[in-house]
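Undergrad:
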Amino acid sequence: MAKRIVNKAERNAERYDAKEIGYQLYEDSLNGKRFDRLMPMIVSEQNIILAYRNICKNNGSKTPGTDGKTIVEIQNLPIEMVIKTIRNKLNYYQPKKVRRVEIPKDNGKTRPLGIPSIWDRLIQQCVLQVLEPICEAKFHERNNGFRPYRSTQNAIAQCYKMAQLQNLHFVVDVDITGFFDNIDHSKLIRQLWGLGVQDRKLIMIIKQMLKADILFNDIVITPETGTPQGGILSPLLANVVLNELDWWVANQWEMFKIKEGSTGYEFTKVDNEGNILTIDRTQKWNKLRAKTGLKEMYITRYADDFKIFCRNYATAVKVMKATNLWLAENLHLQTSDEKSGITNLRKNYTTFLGIKFKVVPKGNKWIIRSHMADKSKAKVISKLGSVWKDIKNPSKQSELDKNISLYNAMVMGMHNYYCMATLVSADFAEIAFKITGKSNGMNHNRRCFPIEKQGEMTSKYILEKYGKSKQCRWINGRMIVSVGYIAYKYPKYKRREVNKYVRKYSDAENCISFEVMKYLMENAHFYPTLEMADNALSRYIAQKGKCAVTHNALTVSDMMCEHIKPCKGERNDTYRNLIILSKEVSDLVGEENSNKVSKLLKNLPLTKEMQDKINKLREHRELEMIQFEDYIGTKK
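Residue numbers (the numbering used here): 1 to 636.
1) What's the C-alpha gap between Pro394 and Asn88?
2) Counting only runs of 4+ residues fully inside the region 165-245, write out the alpha helix (DSSP H) ranges in chain order.
3) What did DSSP end up calling Tyr23 once you bin it into helix, strand or coil?
4) Contact check, Phe352 vs Ile156 under 8 Å by CB: the rounded distance?
5) Pick from Asn499, Asn91, Arg190, Gly65: whose alpha carbon is nearest that of Arg100?
6) How big is the Cα-Cα spacing for Cys310 and Cys159?
7) If you run the structure through DSSP and keep just helix, strand and coil, what is Trp474?
8) In angstroms, rounded to a whole number, what distance separates the CA positions of Leu600 and Leu38?
9) Can you say whether His140 is buried or exposed, counting buried as having 16 or more other CB atoms within 10 angstroms of its CB?
10) Output needed for Thr550: all residues of its chain with C-beta closer than 7 Å, excluding positions within five of it in sequence on either side, in chain order.
11) For the 8 Å Cβ check, are there 3 or more pairs between the region 474-483 and the region 451-461?
12) Is the beta carbon of Asn182 less than 7 Å from the beta carbon of Gly226?
13) Are Lys138 and Leu195 closer than 7 Å when you measure CB to CB?
14) Evaluate Thr436 with the Cβ neighbour count: other Cβ atoms within 10 Å of its Cβ, from every protein chain shown; 16 or more gives buried, anything less gives exposed.
15) Determine the direct distance from the alpha carbon of Ile134 to that of Lys250, and round the result to whole angstroms.
16) Tell me which residues share the same chain as His563 and place their Cβ nearer than 6 Å to its Cβ, disregarding the 5 neighbours each side in the sequence.
17) Tell me the rounded alpha-carbon separation between Met209 and Phe146.
18) Mind the definition here: the region 414-426 touches the region 526-536 only if three or more C-beta pairs lie below 8 Å; say whether that holds.
19) For Met162, which residues in the same chain have their Cβ closer than 6 Å to its Cβ, ignoring the five residues on either side in sequence?
20) Cutting at 8 Å between CB atoms, please list the residues of its own chain near Glu430, excluding the five before and the five after it.
21) Counting along the chain, where does the alpha helix (DSSP H) carrying His551 start and finish?
22) Could you tell me the distance, in whole angstroms, from the CA atom of Met81 to the CA atom of Leu50?
23) Alpha carbon to alpha carbon, what distance is there between Phe256 and Gly264?
24) For the beta strand (DSSP E) holding Arg100, just list the boundary residues, first then last.
25) Mapping the DSSP letters down to three states, classify His332 as helix, strand or coil.
26) Within the same chain, show all residues whose beta-carbon is closer than 7 Å to that of Leu230, passing over the 5 residues directly before and after it, in chain order.
27) So what does DSSP say about Lys8, is it helix, strand or coil?
28) Taking 7 Å as the limit between beta carbons, can you name the residues of its chain near Glu132, skipping five residues before and five after?
29) Helix, strand or coil, according to DSSP, for Asn143 in the structure here?
30) Kindly indicate the opening and closing residues of the beta strand (DSSP E) around Phe428.
31) Using the Cα positions of Asn440 and Trp366, report the straight-line distance between them to the nearest angstrom.
32) Quick check on Val498: does DSSP put it in helix, strand or coil?
33) Under the three-state reduction of DSSP, which class applies to Pro361: helix, strand or coil?
34) Apart from the five residues on each side of it in sequence, which residues of its chain come closer than 8 Å, Cβ to Cβ, to Ile342?
35) Look at the alpha carbon of Val98 and the alpha carbon of Ile219, and state the distance between them as a whole number of angstroms.
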């Protein structure tokens, strides 16, 4: 018995090292290490279990591939069988056909989406967890797409900084034609090798993934180029391809090495721990301007959508020609002349990620002026208008509650995204008038519930965000969030060192997902009381989107709202009595069967502090305390 407990404890401690392995891979990659033995990490028990858990949390896991299987089939297998199957498949890896579907776009066209089989998705997740920290260390700081701790907000912040603070008012737009479908496989493999991924067996597996047959309308296609959108590994591979572009632009000016070296021309600012906060290259750049004919340029990129900022028009023309030529010669990618161009920000707007911006004079300087893009505004009006019509003409009370929850969730999600436009309040005032400007007429429609100007704000989150608004309205006791009540919020600029795989930043990062928030608001009617629905949302935000016990980020399919002290007789759905947990922790808190407890603990690493929290919750439920050392040992 003693030996069995020790083995389980060792295995559990090994799983604890999943994060530590990520930290170490990132640091080694940063220091230029070559990785020629990655497969043992990929097929390790803790990596496969972590991949399995991540896939289970993914909503797309219930979408079948060409074999018709989903995550449900895998969930019915013992975890030992899953591990054995993954290892066997990777010995002689041959992926199944990828199911291709066409997804409609807003412009009426379609976008191809490739859906691998569920086992291939699980294998791709295993590979991703090992490759991501290695690649993250080599990515440029202004690469913002498909990366942890990076978002559209960071990309817009970089644009504002370059236009307003650096006075770079000429923007080069280059549109890559069919980027994901035209990625050169051989070039991609060489790029991975150059980043230090030099495990030959892993390279062969990635080649097999890229060459996987595609099934579309009963026709089998063998791809010569491209990586399927929809594959778990595809976003990372796309960033690997364009990482070379990021550094090529940076090396033309920003990171250009002068003969005398960096001493005396670059100054670093560090914190108390010696970590570099900023690097001042002003003196170097002044020297380059004075003594060279180099072209000043800076790139910001989100996926395959990028902009290059220049100081004058002549430079912008040369940069545009050079970029088109470089993409064709080095990455074998073609560009669209119709969608590419140069914008003078002092005269015209440029559009990026749903925001259009320019610069306007103020005193002796130029400042940013930005709006929602025209297409984005039209899309918002169309979506909100459709739901508003359903609110105006409800078929029954339950439908009204559901539509109000959906409408509020959509409005708050849109406010959260577009608040980075400086004149967002004017944009949403126009949207509000077009959607709800004639809403008072609802009071004279017998099919409608009357609109009230006063009511109760039961949600703490809504109270904090919209409590001061005089534009809020109530229908049948349910609050309608004001579309026009929004203020500009300066987008966050993140430094390169803020990274998921840097220990200093990983635990402190806010993990709130607006997809989860939207889900909570849209499905408020599923909770026993409206009070519980509102307070669950507030609790989720207060916990920064993390499980109260494990501190892991939560997803829609992996979160439970529980009472700290169970309700006996009278309900207690107050904010103080609610807690948000992951599904596994929630199951453990309420489980009485010792065999099921053992099964849950097998794949759930817990520190002593986490164990104490679980037992505290069990104590409130009058359940027996779990003696964790009897099952798995304890992580100090």
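For every residue, glycine included, the Cβ atom is placed at its ideal position computed from N, Cα and C.
TA: The answer reads as follows:
1) Within the model, the alpha-carbon separation for Pro394 versus Asn88 is close to 55 Å.
2) Fully enclosed alpha helix (DSSP H) runs of no fewer than 4 residues occupy 185-194, 200-210 of the region 165-245, in order along the chain.
3) Helix.
4) With 8 Å as the limit, Phe352 and Ile156 qualify as a contact, their Cβ atoms being about 7 Å apart.
5) Relative to the Cα of Arg100, the nearest Cα in the group Asn499, Asn91, Arg190, Gly65 belongs to Gly65.
6) Cα to Cα, the separation comes out at about 12 Å.
7) In the structure shown, Trp474 adopts extended strand secondary structure according to DSSP, grouped into three states.
8) The alpha-carbon atoms of Leu600 and Leu38 are separated by roughly 29 Å.
9) With 16 or more other CB atoms across the displayed protein chains lying within 10 angstroms of its CB, His140 is buried.
10) The answer, listed in chain order, is Ser582, Val585, Met610.
11) Between the region 474-483 and the region 451-461 there are three or more inter-stretch CB-CB distances shorter than 8 Å, so the stretches are counted as touching.
12) In contact: Asn182 and Gly226 (Cβ atoms closer than 7 Å).
13) At a Cβ-Cβ threshold of 7 Å, Lys138 and Leu195 count as neighbours.
14) Buried is the call here.
15) Per the sequence presented here, residue 250 reads as Ala, with Lys not at that position. Going by the C-alpha atoms only, they are around 20 Å apart.
16) Once the five neighbours on either side are set aside, the close Cβ partners of His563 are Asn577.
17) Our two residues, Met209 and Phe146, have alpha carbons roughly 19 Å apart in a direct line.
18) Using a C-beta cut-off of 8 Å, the region 414-426 makes no contact with the region 526-536, since fewer than three inter-stretch Cβ pairs fall below that distance.
19) These residues qualify, in order along the chain: Leu168, Tyr298, Phe309.
20) Excluding residues up to 5 positions away in sequence, Lys377 lie with their Cβ nearer than 8 Å to the Cβ of Glu430 in the same chain.
21) That residue, His551, is in no alpha helix (DSSP H); it is neither H nor E in DSSP.
22) Rounded to the nearest angstrom, the two C-alpha atoms are 15 Å apart.
23) Residue placement at Gly264 cannot be trusted, given a pLDDT of 48 that sits under 50; what the coordinates show is reported in the next sentence. Gly264 and Phe256: Cα-Cα distance of roughly 15 Å.
24) Arg100: member of the beta strand (DSSP E) spanning 98-104, first to last residue.
25) The answer is coil: DSSP assigns His332 none of H, G, I, E or B.
26) Position check: residue 230 holds Gly in this sequence, whereas Leu was assumed. Excluding residues within five positions, the ones whose Cβ falls inside 7 Å are Leu113, Gly114, Ile115.
27) Caution is warranted here: a pLDDT of 37 is assigned to Lys8, below 50, making its placement in the model unreliable, and no coordinate value can be reported.
28) Annotation for Glu132: Leu236 place their beta carbon closer than 7 Å to its own, counting only its chain and skipping 5 residues before and after.
29) Shown here, Asn143 sits in a strand according to DSSP, grouped into three states.
30) Annotation: Phe428 is outside any beta strand (DSSP E); the continuous alpha helix (DSSP H) that includes it extends over 424-436.
31) Model confidence at Asn440 stands at a pLDDT of 46, short of 50, so the residue's coordinates are unreliable; what they give is reported in the following sentence. If you draw a straight line from the Cα of Asn440 to the Cα of Trp366, it comes to about 42 Å.
32) Three-state DSSP puts Val498 in coil, outside helix and strand.
33) Assignment of Pro361 by DSSP, reduced to helix, strand and coil, places it in the strand class.
34) Non-local C-beta neighbours of Ile342 in its own chain, meaning closer than 8 Å and more than five positions away in sequence, comprise Phe170, Val171, Val172, Asp173, Tyr313, Ala316, Val317, Met320, ordered along the chain.
35) Their backbone Cα atoms lie some 11 Å apart in a straight line.
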